[in-house]
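Colleague:
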Amino acid sequence: MPKLGQRLIAALLLLLSALPLAAAHAAGPPRAEVVASGLEHPWALAFIGNGKMLVSERPGRLRVIAADGKVGAPVDGLPAIEVTGQGGLLDVVADRDFARNRMIYFCYAEPAALGSGNSTAMASARLSDDARRLEKLTTIFRQTPKVSSRQHFGCRIVEADDGRLFLTLGDRGSRMADAQTLDNHHGKIVRIGKDGSVPADNPFVGRPGALPEIWSYGHRNGQGAALGPDGRLWMHEHGPQGGDEINRPEPGKNYGWPVITYGENYGGGTIGEGLTHKAGMEQPLHFWVPSIAPSGMAFVRSDRYGKSWRGSLLVGSLKVGYLARLEMDGSRVVREEKLLTGLRQRVRDVREGTDGAIYLLTDERNGQLLKLVAD
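Numbering-wise, my numbering comes out as the position in the sequence shown, counting from 1, plus 719.
#1: Give every residue of the same chain whose Cβ lies closer than 8 Å to the Cβ of R1063, excluding the five residues on either side of it in the sequence, and list them in chain order.
#2: To test your reading of the DSSP string, which unbroken alpha helix (DSSP H) runs of 4 or more residues are found completely within the stretch 812-900?
#3: Taking only three categories from DSSP, how would you classify S1027?
#4: Out of L846, D949 and S916, point me to the one whose CA is closest to I933's CA.
#5: Taking just the CA atoms, how far does L1089 sit from G869?
#6: Would you identify the three-state DSSP class for T1081, choosing helix, strand or coil?
#7: By the 10 Å Cβ neighbour count, where 16 or more other Cβ atoms means buried, how is L740 classified, buried or exposed?
#8: Is it buried or exposed, V1019, if we count other Cβ atoms within 10 angstroms and call 16 or more buried?
#9: Could you check which residue in D795, P778 and V774 has the C-alpha nearest to that of A785?
#10: Can you grab the Cα-Cα spacing for the pair A813 / A944, in whole Å?
#11: Compute the distance between the beta-carbons of P793 and R780, then report whether it is under 8 Å.
#12: Tell me whether the beta-carbon of G982 lies closer than 8 Å to the beta-carbon of G950.
#13: Going by DSSP, what residue range makes up the beta strand (DSSP E) through H1046?
#14: When you compare the stretch 842-853 with the stretch 872-883, are there three or more beta-carbon pairs, one atom per stretch, that lie closer than 8 Å?
#15: Determine the DSSP secondary structure at W762, reduced to helix, strand or coil.
#16: Give the range of the beta strand (DSSP E) segment to which H996 is assigned.
#17: Spatial neighbours of G999 within its chain, please: C-beta separation below 7 Å, excluding the five flanking residues on both sides.
#18: DSSP state of G912, grouped into three classes?
#19: Exposed or buried, S1027, counting other C-beta atoms within 10 Å across all chains shown (16 or more means buried)?
#20: Counting Cβ pairs, one atom from each stretch, are 3 or more of them under 8 Å apart for the stretch 850-858 and the stretch 983-999?
#21: In angstroms, rounded to a whole number, what distance separates the CA positions of Y1078 and D890?
#22: Distance, Cα to Cα, G1075 vs G770?
#23: Helix or strand or just coil, what does DSSP make of E1055?
#24: Nearest-angstrom Cα distance between A896 and T858?
#25: Indicate whether D1048 and R1065 have their beta-carbon atoms separated by less than 8 Å.
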């Protein structure tokens, strides 16, 4: 055999012999690395520069976590918070210009000033230079009416590109029919300015009997929201027993709850009209049956975990305790990958950090801040 032919065969055999070794060293799915622990039912995290993060704990504490994972003492200056059932201190976000103004926004269960009842409220505040207290605290929104309920506070905040704030609001459980009327904030998404003002282009401004803060309605309990790569608001909401939904809320539109749903009553039985579709009511972009109880939501914008991850939508699961990675084709979910299925903890929040890494919070009595690490 000519020497050239022998050399080609030898090169081919060498390549084939290396294939199993390469496969054995192929990168697997990311694993979770513990950054901090000892957090009591943490609910949300926000990035404040220099590797530091703010974490809210549902029992009513806000803490700073240092870059080395050290958990700081509770930040002073929070307002009165009613810790009950699903309520307490919930979402927190840092202003897009935090490095200059040190402003944060957070939402929480606010007790009634007189008598019983509570509702979701949102406040703004400046985090002091030493990050030990809140200054210039202002309540910029209050959900009305207040009701006696331990459920469905919603409470995810998103800052839009124009600086306006979106806030998801739950139907409060026993008041689910309110989600279909515009004279209350139950089961709605609202849109306001950072000073609490109502934008003039909100869809119901000037409409008799409608609250002008409302952006969209017919929602059940939105516990995940994010600004998409398209610059638009995306959110997900809990279904009753099945029927968790991903929606992209548009101004003035009705998302159906509780008239239509892909879920059913706890213990069985239909809800509303027993339908999944109805004229004038929007369909979800994606839904889960059975329910995963979604919480937290983030789009992957970096290539830290490979180019195939870029543009994916990440959603945490409270019920099943995993992280869902949804591959997107525009607004359509084409594939779901279940990650961290052995975690066995409730995933409450999902965020992409300024370093491009994905961080998670687990909603446990001894909750953790986790970072996804690609081997």
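The C-beta atom is built at its ideal place from N, Cα and C for all residues, glycine as well. From a predicted model like this one, the values you see are computed outputs, not experimental measurements.
Modeller: If we stick to the structure as given:
#1: For this step, residue 1063 is matched to residue 344 along the sequence shown. Once the five neighbours on either side are set aside, the close Cβ partners of R1063 are G1040.
#2: 817-820
#3: In the sequence shown, counting from the first residue as 1, residue 1027 sits at position 308. If DSSP states are grouped into helix, strand and coil, S1027 belongs with the helices.
#4: Position 214 of the sequence shown, counting from 1, holds the residue named residue 933. Answer by Cα proximity: S916.
#5: As a working note, residue 869 is residue 150 in the sequence shown. As a working note, residue 1089 is residue 370 in the sequence shown. Per the sequence shown, residue 869 should be read as Arg rather than Gly. Between R869 and L1089, the C-alpha separation is close to 28 Å.
#6: Here residue 1081 refers to the residue found at position 362 of the sequence shown. Looking at T1081 - three-state DSSP - the assignment turns out to be strand.
#7: As a working mapping, residue 740 is identified with position 21 in the sequence shown. Caution is warranted here: a pLDDT of 34 is assigned to L740, below 50, making its placement in the model unreliable, and the coordinate value is therefore given only provisionally. Exposed, by the Cβ-count rule.
#8: Along the sequence shown, one-based indexing puts residue 1019 at 300. With 16 or more Cβ atoms within 10 Å of its Cβ, V1019 is classed as buried.
#9: Counting from one through the sequence shown, the residue named residue 785 turns up at place 66. If we check each option's Cα against that of A785, V774 comes out closest.
#10: What you label residue 813 is simply residue 94 of the sequence shown in a count that begins at 1. What you label residue 944 is simply residue 225 of the sequence shown in a count that begins at 1. For A813 and A944, the distance between alpha carbons rounds to 15 Å.
#11: To locate residue 793, count along the sequence shown from 1; it is residue 74. To locate residue 780, count along the sequence shown from 1; it is residue 61. In contact: P793 and R780 (Cβ atoms closer than 8 Å).
#12: In the sequence shown, residue 982 corresponds to position 263, counting from 1. In the sequence shown, residue 950 corresponds to position 231, counting from 1. Cβ atoms of G982 and G950: not closer than 8 Å.
#13: On the sequence shown, residue 1046 is found 327 positions in, with the first residue counted as 1. In the sequence as presented, His is not what sits at residue 1046; that position holds Glu. Its beta strand (DSSP E) spans residues L1042 to D1048.
#14: no
#15: The residue you call residue 762 lines up with position 43 of the sequence shown. Residue state, collapsed to three classes: strand.
#16: On the sequence shown, residue 996 is found 277 positions in, with the first residue counted as 1. From DSSP, H996 is part of no beta strand (DSSP E); its letter is neither H nor E.
#17: In the sequence shown, residue 999 corresponds to position 280, counting from 1. N973.
#18: One-based indexing of the sequence shown puts residue 912 at position 193. If DSSP states are grouped into helix, strand and coil, G912 belongs with coil.
#19: On the sequence shown, position 308 is the one that residue 1027 refers to. Looking at its Cβ environment, which holds fewer than 16 other Cβ atoms inside 10 Å, S1027 is exposed.
#20: no
#21: Counting from one through the sequence shown, the residue named residue 1078 turns up at place 359. Counting from one through the sequence shown, the residue named residue 890 turns up at place 171. Taking the straight line from one Cα to the other gives about 29 Å.
#22: Counting from one through the sequence shown, the residue named residue 1075 turns up at place 356. Counting from one through the sequence shown, the residue named residue 770 turns up at place 51. Straight-line Cα distance between these residues: approximately 12 Å.
#23: Within the sequence shown, residue 1055 is the residue found at index 336, counting from 1. Strand at E1055.
#24: Counted from its first residue, the sequence shown places residue 896 at position 177. Counted from its first residue, the sequence shown places residue 858 at position 139. Distance between the alpha carbons of A896 and T858: 27 Å.
#25: One-based indexing of the sequence shown puts residue 1048 at position 329. One-based indexing of the sequence shown puts residue 1065 at position 346. Not closer than 8 Å, so no.
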